[in-house]
Structures are given as structure tokens and as C-alpha cells.
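Below: the structure, in C-alpha cells.
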Amino acid sequence: MMTDAPPTTLHHNGGAAVAETLQAHGVDTIFGIPGTHNLEIYRHLVRLGIRPVTHRHEQGAGYAADGYSQVAGKPGVVITTSGPGTLNAMVAAGTSYAESRPVLIISSGLPSGTEHLDGGELHDTKDTLAAMASMTEWSTRARTPREATEAIAHAFEVMRTGRPRPVYVEIPSDVLGQDWDGGIARAGSTPTPSLDDALVRRAAQLLGGAGHPAIIVGGGSRGADAQVRRLAEALSAPVISTCNGKGVLPEDHPLSLGAQIRLKSAQDWLNASDALLVIGSELGDSDLWEGKITSPNVIRIDIAQSQLALNAPARIAIHADAAEALTAIQAALDQQGALAEPSDAAAGDLAELKAALAAEARSDGELWFDVNNELRLALPENTIITGDSSQVTYFGTVHFFPVPSKNSFLYMPRVATLGYALPAAIGAKVARPDAPVVALLGDGALMFSIQELITAVEQGLTIVVVVANNGGYREIRDQQAARGIAPVGVDLHVPDLVALANAIGATGERAANAQDAAARARAALGRPGPTVITLDFP
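Rendered as C-alpha cells:
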């Protein structure tokens, strides 16, 4: 960790230490809410050219930072006030942790010496630091302005090292007002694990000699999309993805099987492979839906050592950066010589598999096919679409909205929270103002974060929110029915979303059918500000 010479600035205090350290690490946007105890951070944002995006709830700020991190390709930053402000962001931190996304949460804290006293301070909570530690990769309480800048620099080191995950820095409110010497700490270099050449050669031999190779790409492969494509084409190996790996190989590529890994026909095919390469995935139940990967010929590549034997044993386990490992495997394959061309029979088998996957996906997702398909046909190819823990997402968008690139589909399958899609769309649009951004979700999910529509209005963001309105929590209603339970607590009053959107300052519209919703969404992308389009479902 290095320290620069002190800059010349006004208010050399702990708030400046935070803001200037953020700027030194490339931060130009923060998500959050100003509060009594964090004002000394906000004091410096405008001076430093850091854009504050003010949310109506800190959980929304956390989800926006999560979406921003994926689209911007760098950490999202949240600034909250102490106590309840921080705790409101905690679920979002847990989401980013589970989905492996780098988000830095900075909050003010109780004044120095008052923590753990239960003394009745404003925003007093039992132990905010411990609560946030349970949801983040690393957390700390800085006790001086110098410690604050060092903690933030170290936070960036943590987010760049190994599996990307959220971190938390708490700074006592009095420290934010203390004098600061002006020295800015900077994150040091972050070396990746050294490749084991013997394992690389073994992986290349197994893949090169396979008659039916296959590749699974998870979220940990997103930094290696070019290498995935080159290797898949060299091996003529079909690629299937988890939800977080959706688009790593463009889903219109002949070798792409899409994000269909939850389907039984997909898992049967994967388990029959004689060389199954798994890149950056824990192969968890949130993707496999009670399925298992049982192939004896698994090669796993992961930046996290702990993932290499998780949920499926590996014949060859490579602890490495995915791009580096794939590049090395490709080089070893090139040294081995020419690979066999795929046979007509193999091409026929692949076409048959794609047909089987499509049929299986529609068997439980038919209700959600039209709206996703019509949106895909109507919207620009480079549209970023966000989803929620809604049936229209996991039965629909995952399967029926193909995307051309990584980070075009923002979702959180493992935590499966409600209220993610709208604030994530805000974060995506802030990160990429030129990109079309659409949120597609259910009414139940929207009501968790409807207030963030005000943030989109205030920020002047052209985003489209398409709401599949079925009057409550259909997923839970379906589960109750499957268990012989009469509907209870699931049929909910839904406000007039068109009128609500208009009252907020957005545009509200009601679609007659899926084709109409898609046409309205396309038109809405051409005008300023957010639009809410509702489409009724049974």
C-alpha cells in the first residue's frame, strides 16, 4: 500500500479522506442517502466530481450498486448513515456476497467510545459492524482519518483479490470531522494464483481427447469471455451457462445452449460428457434446482480454492484466474496438434438437444414465453435486462430472452430476493447511459422497491419497467396449491400502477398483450425518463 503526498484542499477532515480516497481509486458515482452522521463525506462529493445518486431506501442503493458493478466492470459504492441506514443496506450486501459482486459499503458509525455502551446515542444499534461482517467478505471500523483512507484502499485490494465480494468500512461520525494529514492510501497489486503447468497439460489432454466435450460457464467466467469462445470453437464444445454466466458466450452462437442448466435434459447431457469443463461456478442448487453434476470427468477452474470441490468432485482442479487458465489450456491444445472436426452426427445430436431443451423450458414456462420473446424481438440487441425473484424471470427471461454478451442480464438466483430488478436497472443505466435498459418483473417484486422509481425520475434515467401483474405472489400461491393449501396471504391488492407511475413523474401505460407491451417498451426507450408498462396475467 502506497501513500501520496497531501493534496491541497479545504476541510482537511475525515470526510475528505474518504471522498478523496474513493476518487483516487476511480470512483465517480456513489449510491446512498445522506444522513446526520455522514454529511462530512457528502461535503466533498461535488468538489471532487463524484455523482451522488440518492435513493429512497438504502436497500435500493445496495442493489443499484450491485447492478452498476456488473455493467461498469468496477466496484459499486454505497454510502449510508449509521445504524438503521447501514442495516437497511445489509440485505443488498448479502446479495452481492452470494452472487460474487464487488460492492463497497461505507457508513458513518457511532461516535468513538460510545459503541457497545447501549447509551442511547442517535442511531444506536447493538453492533452494526458485527452485523455487516456477517454479510461481507471483509469489514472494519476505522478509528482515525488515516485509518479510514487505509481501510478504503485495502477494501479495493480485497475486492480485486480472488472471488469478488462486498466489503464494509465503518467510520465513527466524530472521526469524519477530525483533521486529516492529507495522505491518500492506494490499493496495492493483487497477484493471482500461480498456474500448475502439470494440471493444465492434463486438462488439455482430457479435453483434446474427448469425443463429447462440454463447457459450463458460471459468473466466475465473465472476465474470460474471449477465452471461453476461442476454446469452445477449438473443441467444438457446446457451452451451457448458469444464470450469472448468461451471455459469456453469445447466446446466438451455434455452440451456445443458453442458461438452461436447471433443466433435466441439460444435466443428463452434461453428465454423459467425457470431458466436462466447469469455469467459475459453485454448481449450486440455485442453478441446478435439485439436480446434480455427477460426471467422473470434471475439470474445474476457479479463482476460489474453496469452490474447486464444492457440490461436484473434480478429476482435475485448477486454482487460477479463468482467463489465464483457459489461455494456458488453449496453448497446450495448440501444441498437441489438430483436433478432430465435429461429425455430422454430432451436429445432429446438438440440434436435437437444443430442441429438447426448448421444449422442456416451455413445459413450465409457457405462460412467460410470449412477453419475453416479443420483448427480445422488439428491443435493440444490446439491451440490458434486469430480473427479479419473479416467475417471469426464472421461468421466462432466463430461457427465452437470449443476450449477446456478458452482464446483459442482471439477476440474483442464489439469494432470490424481491425488489432487485428496478434498482439494478438504475445502477445499470448510470453505468451505461447509452445502453437500453429494461426491467421485467412481477408486481409482487416491484412493490418491494417501487419507491426507487422516484430515483429514476430524479436522475432523468430512461429505463423501462415491464410489470407482469398477477395480483400477488403467484410462486407461493402455486406452492400452496401443490401442497393442498388453500391460498392464504398471497392474493394481494395491487395499486393502479399506471396512475402511480404518472403521479411519481414517470410515464405509466397499460398493455393489452405481449406484443403491445413490447411495442410500448421499444417506443419508451426513445423518450426521456422512466416508463412503467403493466401487463395483466392470470
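Those letters in the sequence shown? Residues 1 to 538, per full-length UniProt numbering, in order.
All C-beta atoms in this analysis are idealised placements derived from N, C-alpha and C, irrespective of residue type, glycine included.
DSSP, reduced to helix, strand and coil, places N372 within a helical segment of the structure shown.
With fewer than 16 other Cβ atoms from the protein chains shown falling within 10 Å of its own Cβ, E352 counts as exposed.
With contacts defined as CB atoms closer than 8 angstroms, A89 and E58 qualify as a contacting pair.
Bounds of the alpha helix (DSSP H) holding L129 are 128-133.
Contact between I184 and I279 does not hold, since the beta-carbon distance rounds to 37 angstroms and is not under 8 angstroms. It is roughly 9 angstroms from the alpha-carbon of K406 to the alpha-carbon of Q70. Bounds of the beta strand (DSSP E) holding N469 are 464-469. Look at W269 here: in three-state DSSP terms it is helix. If you draw a straight line from the Cα of L339 to the Cα of D287, it is about 32 angstroms long. A check of alpha carbon separations from T161 across P75, Q480, P34, D370 identifies P75 as the nearest. Straight through space, the alpha carbons of G489 and N311 are spaced by roughly 35 angstroms. M132 sits close to T86, with the two beta carbons spaced by under 8 angstroms. As the crow flies, the alpha-carbon of A322 is around 19 angstroms from that of A98.
A direct Cα-Cα distance of roughly 12 angstroms separates P402 from I240. For G508, the pairing in a beta bridge is given by DSSP as V532.
Distance between V430 and L461, taken at the CA atoms: about 8 angstroms. In the DSSP assignment, E452 falls within the unbroken alpha helix (DSSP H) covering 452-459. The beta carbons of G14 and W269 sit no closer together than 8 angstroms.
Straight across, the Cα-Cα distance linking L333 with L276 is about 16 angstroms.
Beyond the five residues adjoining it in sequence on each side, L326 comes within less than 6 angstroms, by CB distance, of A224, Q227, L231 in the same chain, given in chain order. The way I'd put it, the segment 503-519 does touch the segment 372-380; three or more beta-carbon pairs between them come closer than 8 angstroms. Cα atoms of A142 and E458: separation of roughly 33 angstroms, rounded to the nearest angstrom.
In terms of Cβ geometry, G60 and E381 do not form a close pair [threshold 8 angstroms]. Taken atom to atom, the span from the alpha-carbon of H493 to that of T397 is near 25 angstroms. Only residues of its own chain outside the window of five on either side were considered, and among them I299, I316, I318, I329 have a CB closer than 7 angstroms to the CB of A203, listed in chain order. The alpha-carbon of W289 is positioned some 21 angstroms away from that of A355. Per DSSP, reduced to three states, the secondary structure at G188 is coil, with no helix or strand assignment. Within the same chain, A19, Q23 come within 6 angstroms of L48 by CB-CB distance, once the 5 residues on both sides are set aside. Residue environment for Q479: exposed (fewer than 16 other C-beta atoms within 10 angstroms of its C-beta). The three-state secondary structure of R51, taken from DSSP, is strand.
For F448, the uninterrupted alpha helix (DSSP H) run begins and ends at 443-449, by DSSP. The beta-carbon separation of T81 and S112, rounded to 17 angstroms, does not stay under the 8 angstroms limit for a contact.
Less than 8 angstroms separates the beta-carbon of I384 from that of V437. With a cutoff of 8 angstroms on beta-carbon distance, L410 and S449 are scored as not near each other. As for any beta strand (DSSP E) of minimum length 3 sitting wholly inside the segment 227-283, the runs are 239-241, 275-279, ordered along the chain. DSSP places T80 inside the beta strand (DSSP E), whose first and last residues are 76-80.
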